[in-house]
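Chains as they are written, first to last, in this note's numbering: chain A, 1 to 204; chain B, 1001 to 1204. Glycine included, each C-beta is placed from N, C-alpha and C at the ideal position. Single-structure report; data block below.
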DNA sequence: CACTTAGACTTAACACTGTTAACTAAAGCT
DNA sequence: AGCTTTAGTTAACAGTGTTAAGTCTAAGTG
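This is the structure we're talking about:
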């Protein structure tokens, strides 16, 4: 019975190898500039081998994306555990989110700036969405806590959470997509945005 | 001498025809799902004819994008002329921007959500950027006016303007790129975002 | 040990893509 | 009439994602 286990393990290993090669290439050259053949070259297998481990290119993208979101989630989680004040926690989370996106722009692009083509039913995308929602949940509970403690004016938790996400994503994506726009200093802008938004959330 | 004029006019006409076909297809099917051959089919010319009028596909994209920005700019301009109160003007501009993006999601995608590949020097992109900056200028002067009149707390005009753009763009792009996320009602979210941000900009 | 079967992997091919070079045909000018 | 410019086309190249068919090896079975 050890045979099947070994085979399963080897299968898993190659899958992971493909995943890492793909991630590396995606991040380095951008998703749409990476062909299946390039990934195959990198791992020294034939292009079609990839299709034995992933449904198609979008599935490969999705799998890479899941890993990215896990990484972001871990970072936010760590930061959360290290901060007790709920307002401070949200502010730092905000900054960490943007900085994560700027640190790994291609990862961010893949995870948040790429449209998921409507794939037949939700085999793909589901995992990715589940992952994203988990991260979003952290934001939501943070907002709820701030409102409960009276740090924020009473508002709809969902509306505030989604607004905060949009603000974070707005900065991150604009920086990534339009690097030649005459931006002011990044940190200054992030700080300004945080100031404005959290000022606006305080009780009157 | 009328000959050259006629030729120039015909040239312009065909160019416009290509542009409209491309815009229509881009908007309907998304930029990367439209091939040069599809555009050519639509106008009933050979694919290579397009290259007599546009440098390459990115140039075609850029030209469509310029038109889009002009349309957005016109809308914002009209709204600006119709509103005297500077705060109200900014708020309505905010809403109009997002609604424009949601009304023409593929146009928005093309203009704001597509990365400009680094083309040798700036033949392309320059026009587009100039256009975008013009629109951004409206935002900037609106913000400056609000600060001058004491409607906003004194802050760096550029920081506020860029933050506002990021907020608008954040909502718009998330709606477009992640339509399956469990968003609350669109208008409610836009309103919430406007409330939060402009509340945060008021003097203490 | 010989033989079949299952699995992993590859080769060859299809139908596309953006783009270029070389060609044709017509209109204008002298 | 002959030459030149211009507009447009055809054919081709190198690349893409993806599938169907084939190969080769390792495991299981008489």
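The region 1009–1024 of chain B contacting the region 1053–1063 of chain B, beta-carbon criterion three pairs below 8 Å
yes
If you draw a straight line from the C-alpha of residue 1143(B) to the C-alpha of residue 36(A), how long is it?
48 Å
Using DSSP with H/G/I as helix, E/B as strand and the rest coil, what is residue 194(A)?
helix
Taking 8 Å as the limit between beta carbons, can you name the residues of its chain near residue 171(A), skipping five residues before and five after?
98, 189, 190, 193
List, in order along the chain, the chain B residues whose C-beta lies closer than 9 Å to that of residue 36(A)?
Those do not exist, as residue 36(A) stays about 17 Å from chain B at its closest Cβ, beyond 9 Å.
Range covered by the alpha helix (DSSP H) that runs through residue 20(A)
2–29
Residue 1166(B) at chain A interface by Cβ criterion, 7 Å
yes
Of all the alpha helix (DSSP H) runs that stay within the bounds of the region 72–107 of chain A, which reach a length of 4 or more residues?
86–103
I need the DSSP call for residue 1047(B), collapsed to helix, strand or coil.
helix
When we look at the beta-carbon of residue 1107(B) and count the other beta-carbons within 10 Å, is it buried (16 or more) or exposed?
buried
Same chain only: Cβ atoms within 6 Å of residue 68(A), ignoring 5 sequence neighbours per side
107, 111
Does residue 105(A) pass the burial test, meaning 16 or more other C-beta atoms within 10 Å, or should it be called exposed?
buried
CA-to-CA distance, residue 138(A) to residue 100(A), given in whole angstroms
16 Å
Considering residue 35(A), what are the terminal residues of the alpha helix (DSSP H) in which it resides?
Element bounds for residue 35(A): n/a, residue is neither H nor E.
Applying a beta-carbon distance threshold of less than 9 Å, which residues of chain A neighbour residue 1160(B)?
192, 196
Is residue 201(A) close to chain B, meaning its C-beta is less than 7 Å from at least one C-beta of that chain?
yes
With a threshold of 8 Å, are at least 3 pairs of Cβ atoms found where one atom belongs to the region 1173–1182 of chain B and the other to the region 179–188 of chain A?
no
Residue range of the unbroken alpha helix (DSSP H) whose run includes residue 1170(B):
1157–1177
Could you tell me whether any Cβ in chain B is nearer than 7 Å to the Cβ of residue 184(A)?
yes
Indicate the three-state DSSP secondary structure (helix, strand or coil) for residue 114(A) in the structure shown.
coil
Classification of residue 2(A) by the beta-carbon crowding that lies within 10 angstroms, buried from 16 upward:
exposed
Spell out whether any CB of chain B is found under 7 Å from the CB atom of residue 171(A).
yes
For residue 63(A), which option in 22(A), 38(A), 5(A) has the closest C-alpha, if you only look at C-alpha atoms?
22(A)
For residue 1103(B) and chain A, any beta-carbon pair shorter than 7 Å?
no
Just verifying my parser: in three-state terms, what is the DSSP assignment at residue 151(A)?
coil
Does the distance from the C-beta atom of residue 1200(B) to that of residue 151(A) stay below 7 Å?
no
Using a Cβ distance threshold of 8 Å, determine whether the region 154–172 of chain A contacts the region 1160–1179 of chain B, with at least three qualifying pairs required.
yes
Would residue 83(A) pass as a contact of residue 92(A) if the rule is Cβ separation under 7 Å?
yes
Starting from residue 1188(B), find everything on chain A with Cβ-Cβ shorter than 7 Å and list it in chain order.
159
Alpha-carbon spacing of residue 1058(B) relative to residue 1078(B), whole angstroms
30 Å
Rounded to whole angstroms, what's the CA-CA distance from residue 176(A) to residue 25(A)? Just pull it up for me.
18 Å
Determine the direct distance from the alpha carbon of residue 40(A) to that of residue 46(A), and round the result to whole angstroms.
6 Å
Can you give me the C-alpha to C-alpha distance between residue 145(A) and residue 1178(B), rounded to a whole angstrom?
26 Å
Would residue 154(A) be called buried (16 or more neighbouring beta carbons within 10 Å of its own) or exposed?
exposed
Under 7 Å between C-beta atoms of residue 75(A) and residue 89(A):
no
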